[in-house]
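Colleague: Pasting a structure here, questions to come.
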Amino acid sequence: MKNLSIPQNKDSLDFNLRPNKWSDYIGQEHIKENIKIIVGAAKKRNDSACEHILLSGNSGLGKTTLAHLIANEMGKKIKVTSGTAIERPGDIAAILTNLSQGDILFIDEIHRLNRSSEEYIYPAMEDFKLDIIVGKGPMARTLELKIPPFTLIGATTKIASLSSPLRNRFGGTFRLDFYKEAEIEKIIKRSADILEMDISPEAIKSIAKRSRFTPRIANRILKRIRDFAEVKNIKKIDKGFTEEALIFMGIDNLGLESGDKKILETIIKKFNGGPVGLHALSSSSGEEEETILDIYEPYLMQLGLIDRTPRGRIATTKAYDQLRL
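Here my numbering is used: the first residue of the sequence shown is 1, the next is one more, and so on.
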C-alpha cells in the first residue's frame, strides 16, 4: 500500500522558521485564543483528543503551523496528508486504523476529498468507528471497527467546496485573515533572527510592504534577499540593498510580480479595462482559472486594483496608475 502521509523534513528551512509554541505565533489573535481554549479544556478534562477543527483561508496564512502547534500543546503526534492523496475509501481507512490514541490527523486541502471517502470519515469523527462493507450483492455485510479517539484538523482554501455534512462535524471552524503590515514585520524580524541576518528595521518594512499580507511570502522574499547578500558579500542588509534586490526579483512597490501584472495588463489592454469573465481572462492570460481565483485575485482585490461585478472583472483607476498606462 502506498504511503499516504506527507513526510515532514525537520531539517528544512521552512520547518525551522515555523513557530513551535504559542508565544512565537504572531497574528490571528482571536483564532489563537479560541483554539487555546478548546485545547486547554480538553487537557483539563483529561480527554485523549480535543474537538475536530476546521481551518480555512488563503495559502500561506498559517493553517499548517496551527495544526502543529495544537499537536505540540496536546503532546501528541501529528500525521499529515492531503485530500488529493486520498483517492478511495480504503486509503482513509488505512490512515485511521494506523492512528494511536490522541493522534492529530491533519488533512490539507480537505475539500479535495471525494464523497465516498468523506462518508468513511463521518462515523470516525463522531463515534470513533469505521463501518466496513465486506462482500458484494446479497452476501455483503457491514463490520464495525473501533478506532482510537483522535483529532481531525482540516485545512482548506475553499470552504464553500466542503459538503455541509462534513463541515458540520467540526467542533471549531476558523477562517484565517490576511495579516496586518505590523504583524508581518514582527514575523520577518523573528525569521531574520533565526537565519542570523543583520537587517535594518527599514529593510524589514520594505519586505513587509511587498509580502502580500502573507507570512509564507514574507519569509520567501527574506530568504531570497539573504541569498543576494551572501553572493555579494553584504554583511549588513539595509533598505537600499533590499530595494535593489527586490527590483532584481521583479517585485514592485506593492508586491506585484509578473503574474499579477499580466492579469492586470490582460484586463486593460485586451478587454479595455473590463468587464471580463473568468474563462475569457484565463484563456487570454494563459493562467488557470483556479490560479486566478486563489493566487492573484484575492490580493489584487485587497489592494483595490480590480473589482468584481456581475458582468466580470474590471481594472480600477489605481491599476492604470500602478502600471503607468
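By construction, the Cβ of each residue, glycine as well, lies at the ideal position given by its N, Cα and C atoms.
Keep in mind that this is a model prediction, so the values were computed, not measured.
1) Which first and last residues belong to the beta strand (DSSP E) in which residue 82 is found?
2) To the nearest angstrom, report how far apart residue 172 and residue 53 are at their CA atoms.
3) Compute the Euclidean distance between the alpha carbons of residue 111 and residue 44, then round it to the nearest angstrom.
4) Which word fits residue 298, buried or exposed, when buried means at least 16 other C-beta atoms lie within 10 angstroms of its C-beta?
5) Scan the segment 103-174 and note each continuous alpha helix (DSSP H) run of 4 residues or more that stays entirely inside, going in chain order.
6) Below 8 Å on the Cβ atoms is my guess for residue 19 versus residue 64; work out the distance and round it to an integer in Å.
7) Between which residues of its own chain and residue 128 is the CB-CB distance below 6 Å, once the five residues before and five after are set aside?
8) Closest to residue 74 by C-alpha separation, out of 61, 82 and 102, would be which residue?
9) Let me make sure I understand the geometry here. Which of 183, 206, 219 and 181 has the alpha-carbon closest to that of residue 195?
10) For a test of the three-state rule: what should DSSP assign to residue 309, helix, strand or coil?
11) With 9 Å as the threshold, decide whether the Cβ of residue 240 is near any Cβ in chain D.
12) Taking the alpha-carbon positions, what's the residue 164 to residue 177 distance?
13) For residue 319, which residues of its own chain have a beta-carbon under 6 Å away from its beta-carbon, when the five flanking residues on both sides are left out?
14) In the DSSP output, which residue or residues are listed as bridge partners for residue 56?
15) To the nearest angstrom, report how far apart residue 255 and residue 162 are at their CA atoms.
16) Can you list, in chain order, the residues of its chain with a C-beta nearer than 7 Å to that of residue 1? Leave out the 5 residues immediately preceding and following it.
17) Put residue 252 into one of helix, strand or coil per three-state DSSP.
18) Between the alpha carbons of residue 273 and residue 287, how many angstroms are there, rounded?
19) Count the other CB atoms within 10 Å of the CB of residue 302; is the residue buried (16 or more) or exposed (fewer)?
20) Tell me which same chain residues have a C-beta within less than 8 Å of the C-beta of residue 11, skipping the five on either side of it?
21) Is residue 60 near residue 217, with beta carbons less than 9 Å apart?
Modeller: Put simply:
1) In the sequence shown, counting from the first residue as 1, residue 82 sits at position 82. Following the DSSP letters along the chain, one finds residue 82 inside the beta strand (DSSP E) bounded by residues 78-82.
2) For this step, residue 172 is matched to residue 172 along the sequence shown. For this step, residue 53 is matched to residue 53 along the sequence shown. Between the alpha carbons of residue 172 and residue 53 lies a gap of roughly 5 Å.
3) Position 111 of the sequence shown, counting from 1, holds the residue named residue 111. Position 44 of the sequence shown, counting from 1, holds the residue named residue 44. Looking at the two C-alpha atoms, the distance is approximately 32 Å.
4) Stepping through the sequence shown from its first residue, residue 298 is reached at position 298. Under a 10 Å Cβ-count criterion, residue 298 is classified as buried, with 16 or more other Cβ atoms of the shown protein chains found around its own Cβ.
5) Counting only unbroken stretches of 4 or more residues, the alpha helix (DSSP H) elements lying wholly within the segment 103-174 are 115-127 and 164-167, in sequence order.
6) Reading the sequence shown from its first residue, position 19 is the one you call residue 19. Reading the sequence shown from its first residue, position 64 is the one you call residue 64. Between residue 19 and residue 64, the beta carbon gap of about 11 Å keeps them out of contact (Cβ cut-off 8 Å).
7) Within the sequence shown, the letter at position 128 stands for residue 128. Excluding positions up to five away in sequence, the list reads 147 and 149.
8) One-based indexing of the sequence shown puts residue 74 at position 74. Ranking the options by Cα distance to residue 74, first place goes to 102.
9) Along the sequence shown, one-based indexing puts residue 195 at 195. Comparing Cα-Cα distances from residue 195 to each of 183, 206, 219 and 181, the minimum goes to 219.
10) Counting from one through the sequence shown, the residue named residue 309 turns up at place 309. It is a strand residue.
11) Going by chain labels, chain D is absent from the structure shown, which holds only one protein chain.
12) Numbered from its first residue, the sequence shown carries residue 164 at position 164. Numbered from its first residue, the sequence shown carries residue 177 at position 177. When rounded, the separation of the alpha-carbon atoms in residue 164 and residue 177 is 22 Å.
13) Here residue 319 refers to the residue found at position 319 when the sequence shown is read from its first residue. A distance below 6 Å between beta-carbons, with the five flanking residues on each side excluded, links residue 319 to the following residues of its chain, in chain order: 264 and 305.
14) To locate residue 56, count along the sequence shown from 1; it is residue 56. For residue 56, which the question treats as bridged, DSSP gives the partners 156 and 175.
15) Taking the sequence shown and counting its residues from 1, the one referred to as residue 255 is at position 255. Taking the sequence shown and counting its residues from 1, the one referred to as residue 162 is at position 162. If you draw a straight line from the Cα of residue 255 to the Cα of residue 162, it comes to about 31 Å.
16) For this step, residue 1 is matched to residue 1 along the sequence shown. Confidence is the limiting factor: at residue 1 the pLDDT is only 42, short of 50, which leaves the residue's position unreliable and the question unanswerable from this model.
17) Your numbering for residue 252 matches position 252 in the sequence shown. Note: residue 252 maps to coil in three-state DSSP.
18) For the purposes of this step, residue 273 is identified with residue 273 of the sequence shown, where counting begins at 1. For the purposes of this step, residue 287 is identified with residue 287 of the sequence shown, where counting begins at 1. Using only the alpha carbons, I get a separation of about 18 Å.
19) Within the sequence shown, residue 302 is the residue found at index 302, counting from 1. With fewer than 16 Cβ atoms within 10 Å of its Cβ, residue 302 is classed as exposed.
20) In the sequence shown, counting from the first residue as 1, residue 11 sits at position 11. Model confidence at residue 11 stands at a pLDDT of 48, short of 50, so the residue's coordinates are unreliable and nothing is read from them.
21) Taking the sequence shown and counting its residues from 1, the one referred to as residue 60 is at position 60. Taking the sequence shown and counting its residues from 1, the one referred to as residue 217 is at position 217. For residue 60 and residue 217, yes; Cβs fall inside 9 Å.
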